[in-house]
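Engineer: Line by line, the protein sequences give chains A and B.
FYI, in UniProt numbering the residues of the first sequence are 1 to 253.
FYI, in UniProt numbering the residues of the second sequence are 1 to 253.
Think of the CB as a built atom: it goes at the ideal place given N, C-alpha and C, for glycine as much as any other residue.
Protein chains: 2
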Amino acid sequence: MTHPVPRRERIRQTTIDEIKTVAHEQLAEHGAAALSLRAVARAMGMTPSAIYRYFDSRSALISALARDAYSSLADTLEAAFLAAPADDQMVRWLLVARSHRRWAKTHPTEYTLIFGPRPADLTGRPTAVQNEVERSVAVLFRCMQEVVEAGIVDLGVLDAELSPGLRARFQEWDCTDLGPAAEAACMLVWTQLHGLIALDLFDHLPPPLADSAELFDQQMIGALVRIGHRGPVDFAEVIRRADLTEQHTLAPT
Amino acid sequence: MTHPVPRRERIRQTTIDEIKTVAHEQLAEHGAAALSLRAVARAMGMTPSAIYRYFDSRSALISALARDAYSSLADTLEAAFLAAPADDQMVRWLLVARSHRRWAKTHPTEYTLIFGPRPADLTGRPTAVQNEVERSVAVLFRCMQEVVEAGIVDLGVLDAELSPGLRARFQEWDCTDLGPAAEAACMLVWTQLHGLIALDLFDHLPPPLADSAELFDQQMIGALVRIGHRGPVDFAEVIRRADLTEQHTLAPT
DNA sequence: CCACCGTCAAGAGCAGTGTTCTCGAAAGTT
DNA sequence: AACTTTCGAGAACACTGCTCTTGACGGTGG
């Protein structure tokens with residue numbers, strides 16, 4: 001049988017992958033700023049100049065790693081969404097949020113690469129990255145949509161809070177068929193999620209609260225509930241259900 | 001009259017200040033990672049080695065800048081708190097939050113220096129930085145205390161959400177005489193505030209929402225109100241009052 | 001007044017970096 | 001077999017943070 005893809009390009013792709021792998025290790029160890037092309041080349045028995053056959057510059061390499069990071073995060077979120085129970089929207093949201101936090105904790109350097117200052121010279125992004133990030137927010141939107149449709153939260157309260165100008169901005173965004181209030185709700189939980197993860201990851205929380213999964217759960221459930229809950233919510237009960245399904249899906253690996 | 005402080009140390013302090021000033025400019029222009037000791041020395045007609053008489057290393061310089069940034073932010077917040085009307089706790093909180101956002105927008109590199117990944121090798125911090133950051137959170141606590149005492153929000157709802165373990169952690173924190181629920185409330189608005197500012201500053205918001213003061217106001221008021229509001233709140237009215245006092249205090253400069 | 005001594009700045013130098021160039025060897029194509 | 005494209009090596013340039021040594025200046029004590 002013949003190879004549909006030329007042998008030349010195949011081995012080229014493998015070296016590209018090897019470069020990215022080695023670079024990924026260096027990045028995970030010493031941080032993004034300390035990523036050295038020469039060190040990467042040295043680690044894989046190459047000359048620094050040879051790397052330039054595969055990446056135009058150091059920034060290009062980091063950009064590629066950043067794109068992979070975006071993709072990895074999106075994969076994780078989608079997987080969490082699909083693995084979560086479809087009939088319990090509250091825990092589904094909590095599990096998605098948890099997987100986001102877990103990913104950030106397991107891939108700290110990638111997280112800073114994505115959400116840190118200036119995403120590593122991602123200037124020339126021909127919607128390559130954009131697609132990946134939209135996959136992530138899509139998961140968030142689906143969670144929100146489910147929660148609203150299930151009648152768990154009422155967007156009426158939040159809708160009343162929106163100023164005309166802000167509502168116009170949300171309508172201009174319009175990346176879904178949900179209304180402006182739903183988009184505002186997404187932004188709300190989104191900022192809360194990112195805020196807590198970032199503060200935690202960068203050691204800006206007081207010691208007793210650092211690395212606290214409980215604080216995260218409480219804030220994430222609360223973020224959803226406070227949008228406009230109908231009736232009281234037993235936080236502990238939600239957490240217990242989430243823990244249960246998580247053990248169920250994580251155990252048989 | 002004689003100088004109480006020796007002339008020697010005085011001129012030394014001025015050169016230290018000059019180094020910090022020049023470094024600050026370079027930092028503001030090309031970012032923190034691109035700060036070059038040689039460039040700083042070149043800009044002020046010095047030799048690179050001479051700078052080592054004043055700063056042990058490049059990290060030491062950046063740490064010094066970071067400390068100043070912390071101090072600057074704390075000053076800004078305290079000033080905003082004092083300038084705000086004491087009888088309108090809701091707008092007082094909004095004005096403090098706004099000043100935080102404004103500071104972040106006017107000092108982007110300093111903000112990333114503070115809240116970005118690994119605060120620039122701030123390993124040896126003998127509570128020097130710690131004091132400054134506590135000044136900042138103190139302002140937040142005072143806002144929360146005022147709002148609670150004024151009866152604007154009810155901590156009872158939030159208190160019911162806390163799990164025993166989480167309540168224990170908050171009590172262990174105990175950096176104020178307010179209860180665990182109040183501290184949880186502070187963390188809530190704190191994460192929301194930081195999350196939105198960080199996302200905005202690092203260009204992670206969709207274009208229609210980028211750099212939106214309206215979104216910020218809505219989220220900040222909402223964060224406070226949703227903790228446990230008594231009766232409906234007219235967001236537009238709060239914003240109008242805040243705008244008024246802001247024009248009042250900003251105009252006569 | 002002079003000698004002293006701590007402080008300062010300069011200069012050279014080391015090890016490292018990203019990047020660009022040229023050149024020879026290998027691989028694939030005709 | 002000849003030609004072309006691709007690849008890697010090596011040298012070189014302009015940087016970087018940092019260290020060490022060598023003088024020079026200035027305030028202070030004899």
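Would you say residue 144(B) reaches chain A, if we count a Cβ-Cβ gap shorter than 8 Å as a contact?
Structural biologist: Taking Cβ atoms only, chain A never reaches closer than 8 Å to residue 144(B), which makes this a no.
Engineer: Counting only the same chain and skipping the five closest in sequence on each side, list residues whose C-beta sits under 6 Å from that of residue 146(A).
Structural biologist: 89, listed in sequence order.
Engineer: With a threshold of 7 Å on Cβ separation, who are the neighbours of residue 104(A) within its own chain once the five nearest residues in sequence on each side are excluded?
Structural biologist: Correct list, in chain order: 111, 197 and 201.
Engineer: Thinking C-alpha only, which one of 156(A), 72(A), 87(A) and 118(A) is nearest residue 102(A)?
Structural biologist: Of the candidates 156(A), 72(A), 87(A) and 118(A), the one whose C-alpha sits nearest the C-alpha of residue 102(A) is 72(A).
Engineer: If we ignore side chains and look at the alpha-carbon of each, how far apart do residue 93(A) and residue 186(B) end up?
Structural biologist: The straight-line gap from Cα to Cα measures roughly 23 Å.
Engineer: Measure how close the beta-carbons of residue 208(B) and residue 190(A) come, nearest whole angstrom, since I'm counting them as under 8 Å.
Structural biologist: Not confirmed; about 15 Å, so no contact.
Engineer: Would residue 96(A) and residue 241(A) be called neighbours here (beta carbons separated by less than 8 Å)?
Structural biologist: Taking 8 Å as the Cβ cut-off, residue 96(A) and residue 241(A) do not qualify as a contacting pair.
Engineer: Under the assumption that residue 156(A) contacts residue 228(A) (Cβ atoms under 8 Å), give the Cβ distance between them as a whole number of angstroms.
Structural biologist: Going by Cβ atoms, the distance from residue 156(A) to residue 228(A) rounds to 6 Å, so yes, they are a contact pair.
Engineer: For residue 113(B) versus residue 66(B), is the C-beta spacing smaller than 8 Å?
Structural biologist: In contact: residue 113(B) and residue 66(B) (Cβ atoms closer than 8 Å).
Engineer: Considering only C-alpha positions, which residue in the set 53(A), 69(A), 149(A) and 162(A) is nearest to residue 131(A)?
Structural biologist: Closest by alpha carbon: 69(A).
Engineer: Using CA coordinates, which residue listed in 87(B), 225(B), 128(B) and 138(B) is at the minimum distance from residue 154(B)?
Structural biologist: Among 87(B), 225(B), 128(B) and 138(B), the Cα nearest to that of residue 154(B) is on 225(B).
Engineer: With distances taken from CA atoms, which of 211(A), 212(A) and 234(A) is nearest residue 271(A)?
Structural biologist: Nothing in the structure corresponds to residue 271(A), since chain A is present only between 1 and 253.
Engineer: If you draw a straight line from the alpha carbon of residue 40(A) to that of residue 47(A), how long is it in whole angstroms?
Structural biologist: About 9 Å.
Engineer: Check each candidate in 100(B), 58(B) and 86(B) and name the one with the smallest Cα separation from residue 76(B).
Structural biologist: Closest by alpha carbon: 100(B).
Engineer: Nearest chain B C-beta to residue 33(A) closer than 8 Å, yes or no?
Structural biologist: Residue 33(A) counts as touching chain B.
Engineer: Just by C-beta distance, which residues in the stretch 177-195 of chain A are closer than 8 Å to chain B?
Structural biologist: Against chain B - using a Cβ distance shorter than 8 Å - the residues of the stretch 177-195 of chain A are 184, 187, 188, 190, 191, 192, 193, 194 and 195.
Engineer: To test your reading of the DSSP string, which unbroken alpha helix (DSSP H) runs of 4 or more residues are found completely within the stretch 169-245 of chain A?
Structural biologist: The stretch 169-245 of chain A contains these whole alpha helix (DSSP H) runs: 180-201 and 213-228.
Engineer: Buried or exposed, going by whether 16 or more other CB atoms sit within 10 Å of the CB of residue 171(B)?
Structural biologist: Answer is exposed; the Cβ neighbour count stays below 16.
Engineer: With burial defined as no fewer than 16 other Cβ atoms inside 10 Å of the residue's Cβ, what is the status of residue 161(B): buried or exposed?
Structural biologist: Counting Cβ neighbours within 10 Å, residue 161(B) comes out buried, since at least 16 surround it.
Engineer: Out of 169(A), 31(A), 203(A) and 7(A), point me to the one whose CA is closest to residue 210(B)'s CA.
Structural biologist: Checking every option, the nearest Cα to that of residue 210(B) belongs to 169(A).
Engineer: Relative to the C-alpha of residue 34(B), which candidate in 118(A), 194(A), 175(A) and 141(A) has its C-alpha closest?
Structural biologist: Of the listed residues, the one whose Cα sits closest to residue 34(B) is 118(A).
Engineer: For the stretch 206-235 of chain A, list every residue whose C-beta sits within 7 Å of some C-beta in chain B, in sequence order.
Structural biologist: Hits within the stretch, in order: 206, 208, 209, 212, 214, 215, 218, 219, 222, 226 and 235.
Engineer: Taking the alpha helix (DSSP H) that residue 256(B) falls in, what are its first and last residues?
Structural biologist: There is no way to answer for residue 256(B), as the model of chain B reaches only from 1 to 253.
Engineer: Name the residue from 30(B), 19(B), 230(B) and 64(B) whose alpha carbon lies nearest to the alpha carbon of residue 149(B).
Structural biologist: Residue 230(B) is the option with its Cα nearest to residue 149(B).
Engineer: Tell me, please, whether the CB atom of residue 241(A) is closer than 8 Å to any CB atom in chain B?
Structural biologist: It does not; no Cβ of chain B falls within 8 Å.
Engineer: Work out the CA separation of residue 87(B) and residue 135(A) for me, nearest whole Å.
Structural biologist: Taking the straight line joining both Cα atoms gives about 46 Å.
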